[in-house]
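To convert a position in the sequence shown, counted from 1, into my numbering, add 8. Each residue gets a CB set at the ideal place from its N, CA and C atoms; glycine is no exception.
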Amino acid sequence: MKSASAPDSLPADGIDTVAASLAALRPPWRLRVNHNHATLVSLRGDQHQRTVSVHADLLADPAFIAVLPQWVASNGKVGGSVVQAALRIVQERMHASRRVNERTALPPWEPLGSVLNLDAMYSRLHGDWFAHTPKPAIAWSRAVDPGRQLTHIRFGCYRSGVQARISLHPRLHQPWVARVFVEFVVFHELCHHTQACRPMRGETAHSARFRQWERRYPHFVLASAWERAYLPELLAGTTPVLAGISSRTR
Ligand SMILES: [Zn+2]
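Following this line, the structure appears as structure tokens:
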């Protein structure tokens, strides 16, 4: 799906002009227009047939088409920076459009809202699923600079011991964040707690047994998809536009 800001594709005669310039090269190149999202531009062929395959969105960039014949003739040595810049723009646009699709494909979900009773949520999860284990303490970990771009984020942390303890990343504590995702992080940490209570020699943290327990969380699929879809805002410390949320899971 194209995003609204995508440029109109190049008129057919524009493509013909590029194709003619490529055909005039010695040796001649054939232009193939692709709609393949994995490889935006590729050069291939032998002494008989040479083809440059270009994604249709790249052909809508005048700077790119201006440099394409020289870039092809020089085997990528001339105009590399122009080609790279054009690729980046198209990739970013595809990425944004994929994200929109991921978000619209999510079933309705409920944001935390302005008041989260963490203790109540936690007691319910522990009581429903982990009552056979002692209940660790839970707390939010120390706040990070709200606007700081993070490169990775550890949503929850479990410490075993007599004073077992779960801590949650403060970026989960925002009104727009999905309730099922916060619950899922707590559930995940309680699975680590269960592991610590019933240790198996040589077991890794996210073992097969662990993954099996984790999948018992009733909204596992939604929570995992939600995490993928909204990770950029969680990393950036920004708030997404949530116009798409119309109904609530409960
Ligand atoms: Zn883990």
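Considering Cα atoms alone, identify which of the options is closest to residue i.
i: HIS134; options: THR212, PRO35, HIS196 and LEU76; result: HIS196
i: GLU118; options: PHE189, ARG217 and ARG106; result: PHE189
i: ARG167; options: GLU235, GLN220, THR141 and HIS201; result: HIS201
i: VAL317; options: GLN57, GLN203 and GLN182; result: Examination of residue 317 is not possible in this model, given that the chain is present from 9 through 258 alone.
i: ARG150; options: HIS177, TRP137, PHE138 and ILE161; result: HIS177
i: THR141; options: SER50, CYS199 and GLU211; result: CYS199
i: GLU235; options: ILE161, TRP148, ARG209 and ALA204; result: ILE161
i: ALA147; options: HIS63, TRP221, LEU126 and GLN157; result: LEU126
i: MET102; options: ASN44, VAL86 and ALA128; result: ASN44
i: PRO144; options: ALA71, ARG224, CYS205 and ALA216; result: CYS205
i: VAL193; options: GLN157, ALA139, SER232 and THR159; result: SER232
i: PRO116; options: LEU239, LEU230 and THR247; result: LEU230
i: HIS63; options: ASN83, GLN220 and VAL91; result: VAL91
Considering only residues of the same chain and omitting the five flanking positions on each side of residue i, which have a CB-CB separation below 6 Å?
i: GLN99; result: none
i: GLY155; result: GLY245
i: GLY53; result: THR59
i: ALA81; result: LEU33
i: TRP37; result: LEU30, ARG58, VAL60 and VAL80
i: ASP69; result: ALA94
i: LEU120; result: PRO183, VAL185 and ARG187
How is the alpha helix (DSSP H) around residue i delimited, first residue to last?
i: GLY121; result: No alpha helix (DSSP H) contains GLY121, which DSSP labels as neither H nor E.
i: VAL193; result: 187–205
i: SER232; result: 228–244
i: GLU222; result: 216–222
Assign residue i to buried or exposed, taking buried as 16 or more other Cβ atoms, counted over all protein chains shown, within 10 Å of its Cβ.
i: ALA46; result: exposed
i: VAL152; result: exposed
i: HIS214; result: exposed
i: PRO226; result: exposed
i: VAL75; result: buried
i: LEU242; result: buried
i: GLN203; result: buried
i: ALA12; result: Residue confidence is low: ALA12 scores 42 on pLDDT, short of 50, so the model does not pin down where it sits. No coordinate-derived value is stated.
By the DSSP assignment, the beta strand (DSSP E) with residue i in it spans what residues?
i: SER168; result: SER168 -> no beta strand (DSSP E), and no H or E assigned at all.
Can you name, in chain order, every residue of its own chain whose Cβ lies under 7 Å from the Cβ of residue i, other than the five neighbours on each side?
i: ALA113; result: none
i: VAL86; result: GLN78 and TRP79
With a CB to CB cut of under 8 Å and the five nearest residues on each side skipped, what residues in its chain are close to residue i?
i: PRO35; result: GLN55 and ARG58
May I have a chain-ordered list of the beta strand (DSSP E) segments no shorter than 3 residues that lie completely inside the region 111–161? You should have 145–148.
Only counting runs of 4 or more residues, tell me where the alpha helix (DSSP H) segments fall wholly within the region 39–88, in order along the chain. For the region 39–88, the full-length alpha helix (DSSP H) segments reaching 4 residues or more read 70–81 along the chain.
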